[in-house]
Amino acid sequence: MRPIQAQDWTTTEWLNSERPLRLDDLRGRVVVLYAFQMLCPGCASQALPQARRVHETFRADDVAVIGLHTVFEHHEGNSPAALKAFLHEYGLAFPVGIDAPGEGSPIPRTMSAYAMQGTPTLILIDREGRLRRQTFGHLPDLQLGAEIMSLAQEPKSSS
4 MRPIQAQDWT TTEWLNSERP LRLDDLRGRV VVLYAFQMLC PGCASQALPQ ARRVHETFRA
64 DDVAVIGLHT VFEHHEGNSP AALKAFLHEY GLAFPVGIDA PGEGSPIPRT MSAYAMQGTP
124 TLILIDREGR LRRQTFGHLP DLQLGAEIMS LAQEPKSSS
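Residue numbers 4 to 162, in the numbering used here, belong to the letters of the sequence shown in order.
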């Protein structure tokens, strides 16, 4: 399968970031996007600790770790204020965008645009903004690290 251009996310707010982030802002870096819900057990126990490890392991000028809080259930328990407290409690310092609500649907916009099956979802985007992996669930650290390293070693575009 040939890589396709990744779509930008649609967010309503950003936490741990001085300004809203767009995919184009991260061009030239590998983007590791974790779509999660804070009330999702697999997100809290596996995906977000892994995101923290990736964030701490790779250089920020090579790899950007981004969280996307994509709430498709239990909306009342997943407020932005609760998310701020959650990020602080879990020591998550990477930028987290809040996925915009769907129009006439409980499925948020970015979740729908990427046809995500649920949370956690891991998305890898290369330096050129192409979608290279989308996985529902969890990958072992060694496999993920090898894939990120492989993408990070690809030549940077001269544009």
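Using N, Cα and C, we set each Cβ at its ideal position, and we do this for glycine too.
>> Given a cut-off of 8 Å on the beta-carbon distance, is the pair residue 58 and residue 102 in contact?
In response: No; because the gap between Cβ atoms is not below 8 Å, this pair is not in contact.
> What span of residues does the beta strand (DSSP E) with residue 128 cover, start to end?
Replying inline: 124-128 is the span of the beta strand (DSSP E), which, as asked, contains residue 128.
> How about residue 113 and residue 15: are their beta carbons less than 8 Å apart?
Replying inline: Note that the C-beta distance between residue 113 and residue 15 is not below 8 Å.
>> Once DSSP output is grouped into helix, strand and coil, what is the label at residue 65?
In response: DSSP places residue 65 in coil when its eight states are reduced to three.
> How long is the line joining the alpha carbons of residue 80 and residue 70, rounded to whole angstroms?
Replying inline: Rounded to whole angstroms, residue 80 to residue 70 spans 18 Å at the Cα level.
> Per DSSP, what kind of secondary structure is residue 58 in: helix, strand or coil?
Replying inline: Looking at residue 58 - three-state DSSP - the assignment turns out to be helix.
>> Is it buried or exposed, residue 100, if we count other Cβ atoms within 10 angstroms and call 16 or more buried?
In response: Burial state of residue 100 is buried, judged by a 10 Å Cβ sphere holding 16 or more other Cβ atoms.
>> Is the beta carbon of residue 141 closer than 8 Å to that of residue 180?
In response: Not covered by the structure: residue 180. The range shown for the chain is 4 to 162.
>> For residue 16, list the residues DSSP reports as bridge partners.
In response: The beta-bridge partner set that DSSP reports for residue 16 consists of 101.
> Under 8 Å, do residue 24 and residue 55 count as touching if we go by C-beta distance?
Replying inline: Not closer than 8 Å, so no.
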